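71 is the number that the working numbering gives to position 48 of the sequence shown; each next residue is one higher, with no gaps.
Backbone N, C-alpha and C fix where the C-beta goes; we use that ideal spot for every residue, glycine too.
Remember, predicted model here, so these are calculated numbers, not experimental data.
Some notes on the structure that comes next.
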Amino acid sequence: MAYIGIVMLMIGMLLLINAAWLQGKAETKDVGVFNLIVGAITVAYSAYLGIVAGNAHLSAAFFLFGMTYVWVGINAIRGAADQKALGFYCLLVAVLTVPFALKTFQGGDPVFTVEWLAFGITWFLLYKLLYTGSNVVKPLVFMVYLVGFSAAFTGWSMLYGYWPYIKMTA
Numbered sequence: 024m025a026y027i028g029i030v031m032l033m034i035g036m037l038l039l040i041n042a043a044w045l046q047g048k049a050e051t052k053d054v055g056v057f058n059l060i061v062g063a064i065t066v067a068y069s070a071y072l073g074i075v076a077g078n079a080h081l082s083a084a085f086f087l088f089g090m091t092y093v094w095v096g097i098n099a100i101r102g103a104a105d106q107k108a109l110g111f112y113c114l115l116v117a118v119l120t121v122p123f124a125l126k127t128f129q130g131g132d133p134v135f136t137v138e139w140l141a142f143g144i145t146w147f148l149l150y151k152l153l154y155t156g157s158n159v160v161k162p163l164v165f166m167v168y169l170v171g172f173s174a175a176f177t178g179w180s181m182l183y184g185y186w187p188y189i190k191m192t193a
């Protein structure tokens, strides 16, 4: 389970790069490649969690992230102009973050509960940008930086055993 820290750290770094990209400070195809790499790692980890570790709930959670990053990566590399399908997917994921947050809170992790809600806001803003065409870039950039730093810190904390809510083994 310690690998979860590595995946969260990579997700955090990816989000920080994506936030810079949203500001026009990173090249689209480079960002697309990094999204594909981290997305593939996350989807592979999701498969491991579900198939090998038998943890379908955690597998589903990581799949939501991984699928988003793979899709963003493909769209970035191919230069997609219309990203409404991805935007609608982001709405569905935003809705799913609410029960994930609730289950996380019930499981005794109040900090990651807040992170789930922040991710939900971020996915909802992506829906607003990509599906409805709303000009939400400034709040989206803020949220992507926020969840990026949060995920990176969470990942580092998990990796080194400082995350107080779950005990990492192996």
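Which of helix, strand or coil DSSP assigns to residue i
i	result
M31	helix
Y185	coil
V159	coil
A175	helix
Where the alpha helix (DSSP H) through residue i begins and ends
i	result
D53	T51 to A70
V95	A79 to R101
V75	Careful: V75 lies outside any alpha helix (DSSP H) and carries neither H nor E.
G47	G47 -> no alpha helix (DSSP H), and no H or E assigned at all.
Y112	K107 to Q129
A141	P133 to Y150
Residue i and residue j closer than 7 Å at C-beta
i	j	result
V66	M33	no
F85	Y68	yes
V170	A124	no
K151	V159	yes
I108	V54	First, the amino acid is wrong: residue 108 is Ala here, not Ile. Not a contact, by the Cβ cut-off of 7 Å.
Y71	F111	no
W94	T120	no
8 Å contact criterion, which residue i and residue j should meet: CB distance rounded
i	j	result
M3	T127	Here the chain comprises residues numbered 24 to 193, so residue 3 is not present and cannot be evaluated.
F165	L114	With 8 Å as the limit, F165 and L114 do not qualify as a contact, their Cβ atoms being about 20 Å apart.
Y188	V134	7 Å
G96	N58	3 Å
G156	A117	So it is not a contact: roughly 17 Å between Cβ atoms.
Y168	A42	5 Å
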